[in-house]
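Heads up: the structure comes next, in structure tokens.
Right, dumping it as structure tokens:
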């Protein structure tokens with residue numbers, strides 16, 4: 004009986020290179036997927052696997068609806084979308100943090116303890132709203148899709164919520180971190196039906212990756 008193919012959704016962007024490294028450590032070589040940026044599906048028949056390159060925000064969608072059996076997605080995307088997924092393993096890659104930042108001159112006279120109402124630009128309206136409402140702070144959200152750092156500089160918002168790694172982009176745009184909302188890493192995610200339909204394949208991949216991550 005022919006073994007079913009396990010479909011795995013990988014995110015384009017900052018996590019991809021590290022994800023390729025993880026799979027290499029378990030003997031699944033997929034570095035060639037970087038050679039042709041226009042190609043989106045890569046078959047590995049000898050491994051019984053299919054890899055799909057997908058926009059970061061779409062990975063949880065493909066996995067939840069079963070178009071992919073498994074995938075890799077950042078904690079930021081998962082918390083923002085709140086989809087019904089099995090998250091068996093924190094892969095420890097794509098490390099960054101989600102922060103509240105504001106212009107340096109505002110920071111010099113600001114007191115977060117006195118915040119009551121904020122106007123914030125962000126790509127993460129759900130996370131941001133929850134974070135501040137849990138502290139009893141009203142928040143007006145301006146959703147942007149990129150170049151978040153520009154918002155305070157041109158009066159669109161007072162502050163931003165965004166991901167940072169080194170903080171260099173903030174500094175170059177005159178912004179400083181005020182609070183950290185969460186530390187972010189990438190997680191292995193799984194479609195719940197696939198866990199039942201392909202249990203041996205799914206569990207095998209989880210344990211092989213776990214051995215690398217925890218080892």
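Residue numbers (the numbering used here): 4 to 218. Just so you know, even glycine gets a beta-carbon here, dropped at the ideal spot from N, CA and C.
DSSP three-state label for residue i, please.
| i | result |
| --- | --- |
| residue 8 | coil |
| residue 93 | strand |
| residue 33 | coil |
| residue 169 | coil |
| residue 201 | coil |
| residue 210 | helix |
| residue 72 | coil |
Compute the beta-carbon to beta-carbon distance between residue i and residue j, rounded to the nearest angstrom, for a pair I have assumed lies under 8 Å.
| i | j | result |
| --- | --- | --- |
| residue 43 | residue 55 | 6 Å |
| residue 166 | residue 99 | 5 Å |
| residue 72 | residue 9 | 5 Å |
| residue 162 | residue 104 | 6 Å |
| residue 180 | residue 170 | 6 Å |
| residue 89 | residue 193 | 4 Å |
Would you list the one or two residues that DSSP bridges to residue i?
| i | result |
| --- | --- |
| residue 175 | Paired residues: none, contrary to the question. |
| residue 14 | 57 |
| residue 77 | 189 |
| residue 163 | 104 and 124 |
| residue 183 | 102 |
Starting from residue i, follow the beta strand (DSSP E) in both directions and report where the run begins and ends.
| i | result |
| --- | --- |
| residue 146 | 141 to 146 |
| residue 235 | The structure shown does not extend to residue 235, since the chain spans only 4 to 218, so no value can be given for it. |
Output the boundary residues of the alpha helix (DSSP H) element that contains residue i.
| i | result |
| --- | --- |
| residue 23 | 19 to 28 |
| residue 63 | 62 to 67 |
| residue 155 | 153 to 156 |
Practice problem: Kindly provide the ranges of any alpha helix (DSSP H) runs that are 4 or more residues long and lie completely inside the region 79 to 123, ordered along the chain. | Solution: 107 to 110
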